[in-house]
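To keep things clear, I will list the structure first and then write my remarks on it.
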Amino acid sequence: MKWNTSLGRGASAFFSAILVFAAMTHAAAGQSGPDNAEKWQGFDSRAVELDGRVCTLVAPDEAADGMPWALYATAPDPESPLNRRLLAKGFHIAWMDIDELYGNAAAVEHWDALYAWARENFALAEKPALVCERHGALLAYGWAARNSDKAACIYADEPWLQLKPTAGQETPDAVMAQAQAAHDVTDPEQTDITPLGHAATVGEAEIPVMHLYAGRRPGVAPDKSIEQFYSIYRFAGRGEYESFFKPAISEGSRHDLTVAALVFLLKHTGALPGMPMETPIAAMPHWKVADFAGRAEVRVLDDILVIEQGNDMTGIVCAQEPPLCNYEIMLDAMRLSGGDFFCGLTAPYKNTCFSLIVGGWGGTCVGISSIDWLDAYHNETAVFRSFDDHRWYRIRLRVTDGAIQAWIDGKETVTLDVADRDLDIRWEMAPTTPLGVATWRTTGAIKNFSIRRIEDIQNMPL
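Each residue of the sequence shown is one higher than the one before, counting from 920 in this note's numbering.
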């Protein structure tokens, strides 16, 4: 049994793409100036003069159902894997050459024109995802506050929350002065035109928000406006809010910040639906969503399975009978958000089951639940270590007649002699028996799942 998921698009998306391509070969109504067909990173794009400004619309090779799109506050980085993957998932992306306006009232009006043009001429979705970085947050939040019924979500990378320098923000004084001048601001403490000032409006409208902040630096206190924004947003409504600080990423690192961003953007534009409980998971006919009472959604993103934070648990279970002993399981797992285990792997041992817990009890415990009625935190297999969010960990579990062993990133972490030991699960894990994966109040992602009988494994390095 080998796990290899992929998602296809239906015929309706194919015909939508044909219609959009046809529309992009003609001058759009309401525009003025040149209309130039070009390529952007290999994708069809069109640059036009609209409302006195140059705007660009890039079309995917095949549009997704519902015609989702992303409205960028600044020109997207052509090298960004996120932008390319959005296009690959069937998104259109659009932006306008208005950087020097720093999201002021004139910039918001230009975006109104861009939105209307894109909707009227290319039949794009009513609610685009708003994507911004740094000073682009001024425009994204200003437009969302004025058009709260038209924004699907806001994704902001290192957003400016105020119009003044803040702790940890590396913004030249001259750039901040230009932004203040664009807004005719004389008092840097003025917040009504900033994301901080718009937090209540966006929160009341329950527009989902994801913020990525620059990594913490030793000796530098976090910007107070980060907590202020969250408090205002949360007090105003019950919208989904996620934020995290970027980890230090070295060459060869297994960190991947794109997964969380993609899930957020696709989910809130309707392009990543959850899997029904009784339906086999896409491209995984022997797996389905586990029947946890407080479960959240399980979503398939290409070859990645996302198990969202439940109350308390969400997971999947294999409906096919697995080997009961003398087998190995391998998978990659990542914690996207939350603070507890992101991989609770339940597996059989002869006539019973047990669970390998990775990142439990506050995020650090690895061990086997349960041994002689003691769970992973309370028995001799407990090992405590840190786990970075947004990083893939390679997990390997081997079960033989006499032992259970587990490795994380090639390092042996658990070794248990099972002779004369009583193995069982904690009762909460029952929906994942005999073979399954679950998370506890945490959103996790898994990929590359495989299970093999040991006699079929040859020359597999530890």
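Backbone N, C-alpha and C fix where the C-beta goes; we use that ideal spot for every residue, glycine too. Note that the coordinates shown come from a computational prediction; the quantities given were computed from them, not determined experimentally.
Item checked: alpha helix (DSSP H) runs wholly inside the stretch 1170 to 1216, at least 4 long, in chain order -> Counting only runs that start and end inside the stretch 1170 to 1216, the alpha helix (DSSP H) elements of at least 4 residues fall at 1177 to 1187.
Check: Helix, strand or coil for Pro1127 per DSSP?
Finding: In the structure shown, Pro1127 sits in coil (DSSP, three-state: anything other than H, G, I, E or B).
Notebook entry, point to check: Can you tell me where the beta strand (DSSP E) with His1011 in it begins and where it stops?
Noted result: Note, His1011: beta strand (DSSP E), 1011 to 1015.
Item checked: Residue of Thr1113, His1187, Asp996 minimising C-alpha distance to His1102 -> With distances taken between Cα atoms, His1102 lies closest to Thr1113.
Checklist line | Contact check, Tyr1021 vs Cys1051, beta carbons under 9 Å | finding: Contact: no.
Next item on the list: Assign Tyr1021 to one of three DSSP states: helix, strand, or coil.
Entry: The three-state reading of DSSP puts Tyr1021 in coil, since its state is none of H, G, I, E or B.
Next item on the list: State the start and end residues of the unbroken alpha helix (DSSP H) segment that holds Tyr1152.
Entry: Here the alpha helix (DSSP H) through Tyr1152 covers 1143 to 1155.
Notebook entry, point to check: Where Asp970 and Ile1017 are concerned, what is the direct C-alpha to C-alpha distance, given to the nearest angstrom?
Noted result: Straight through space, the alpha carbons of Ile1017 and Asp970 are spaced by roughly 11 Å.
Notebook entry, point to check: Where does Pro995 fall in DSSP's three states?
Noted result: In the structure shown, the three-state DSSP call for Pro995 is coil.
Notebook entry, point to check: Alpha carbon to alpha carbon, how far is Leu990 from Ala1215?
Noted result: Taking the Cα positions, Leu990 is about 28 Å away from Ala1215.
Checklist line | Continuous beta strand (DSSP E) stretch holding Trp1359: start and end | finding: From DSSP, the beta strand (DSSP E) with Trp1359 extends over 1355 to 1359.
Margin query: Rounded to the nearest angstrom, what separates Asn1230 and Thr1283 at their Cα positions?
Written below: Going by C-alpha positions, Asn1230 is about 20 Å away from Thr1283.
Next item on the list: Could you check if Thr1361 is buried or exposed, using at least 16 other CB atoms within 10 Å of its CB as the buried criterion?
Entry: So Thr1361 counts as buried.
Notebook entry, point to check: In whole angstroms, what separates the C-alpha of Pro1084 from that of Val1104?
Noted result: Cα-Cα distance, rounded: 14 Å.
Next item on the list: For the alpha helix (DSSP H) holding Leu1058, just list the boundary residues, first then last.
Entry: Note, Leu1058: alpha helix (DSSP H), 1055 to 1065.
Next item on the list: Could you check if Gln1081 is buried or exposed, using at least 16 other CB atoms within 10 Å of its CB as the buried criterion?
Entry: It counts as buried.
Next item on the list: Within 10 angstroms of the Cβ of His945, are there 16 or more other Cβ atoms? Answer buried if so, exposed if not.
Entry: Residue placement at His945 is flagged as unreliable, the pLDDT there being 41, under the threshold of 50; a coordinate-derived value is accordingly withheld.
Note to self: In the DSSP assignment, the alpha helix (DSSP H) including Met1095 goes from what residue to what residue?
What the structure shows: Its alpha helix (DSSP H) spans residues 1092 to 1101.
Checklist line | Buried versus exposed, by CB contacts within 10 Å (16 or more), Gly1171 | finding: Exposed is the call here.
Item checked: Beta-carbon proximity list for Arg972, same chain, < 7 Å, skipping 5 on both sides -> Closer than 7 Å at the Cβ level, and outside the excluded window around Arg972, lie Met1015, Asp1016, Ile1017, His1029.
Check: Using DSSP with H/G/I as helix, E/B as strand and the rest coil, what is Asn1378?
Finding: Any reading at Asn1378 must be qualified, since the residue scores a pLDDT of 45, below 50, and its modelled position is unreliable; no value is offered.
Next item on the list: Please confirm if the stretch 1296 to 1309 is in contact with the stretch 1346 to 1363, defined as three or more CB-CB distances below 8 Å between the two stretches.
Entry: The stretch 1296 to 1309 vs the stretch 1346 to 1363: no contact.
Notebook entry, point to check: Should the stretch 1346 to 1358 be called in touch with the stretch 1324 to 1334, which here means at least 3 C-beta pairs below 8 Å?
Noted result: No, the stretch 1346 to 1358 does not touch the stretch 1324 to 1334.
Check: Which residue's Cα is closest to the Cα of Asn1002: Glu1019, Leu1058, Asp1031, Asp1076?
Finding: Sorting Glu1019, Leu1058, Asp1031, Asp1076 by C-alpha distance to the C-alpha of Asn1002 places Asp1076 at the top.
Margin query: Counting C-beta neighbours from all protein chains within 10 Å, is the total for Asn1023 16 or more, i.e. buried, or is it exposed?
Written below: Classification for Asn1023: buried.
Next item on the list: Can you grab the Cα-Cα spacing for the pair Leu1275 / Ser1289, in whole Å?
Entry: Distance between the alpha carbons of Leu1275 and Ser1289: 9 Å.
Notebook entry, point to check: Between the C-alpha atoms of Ala1179 and Leu1255, what's the straight-line distance to the nearest angstrom?
Noted result: If you take the alpha carbons of Ala1179 and Leu1255, they lie about 6 Å apart.
Checklist line | 6 Å CB neighbourhood of Arg1371 in its chain, flanking five on each side removed | finding: Around Arg1371: Glu1247.
Checklist line | Phe1148 burial status per 10 Å Cβ neighbour count (16 or more: buried) | finding: The residue is buried, with at least 16 neighbouring Cβ atoms inside 10 Å.
Check: If we ignore side chains and look at the alpha-carbon of each, how far apart do Ala1032 and Arg1038 end up?
Finding: If I take the Cα positions, the gap works out to 10 Å.
Checklist line | Spatial distance of Val977 from Arg965 (CA atoms) | finding: Spanning the two alpha carbons is a distance of roughly 7 Å.
Next item on the list: Tell me, please, which residues DSSP counts as bridged to Ala1295.
Entry: The bridge partners DSSP lists for Ala1295 come to none.
Notebook entry, point to check: Can Val1236 be considered in contact with the ligand FAD, in the sense that its beta carbon sits closer than 8 Å to one or more heavy atoms?
Noted result: With respect to the ligand FAD, the structure offers nothing, as it holds no ligand at all.
Note to self: Strictly by DSSP, which residues pair up with Tyr1034?
What the structure shows: Paired residues: none, contrary to the question.
Notebook entry, point to check: Between the C-alpha atoms of Leu1006 and Gly961, what's the straight-line distance to the nearest angstrom?
Noted result: Distance between the alpha carbons of Leu1006 and Gly961: 10 Å.
Notebook entry, point to check: Is it buried or exposed for Asn1040, if we count other Cβ within 10 angstroms and need 16 for buried?
Noted result: A residue is called buried once 16 or more other Cβ atoms fall within 10 Å of its Cβ, and Asn1040 is buried on that count.
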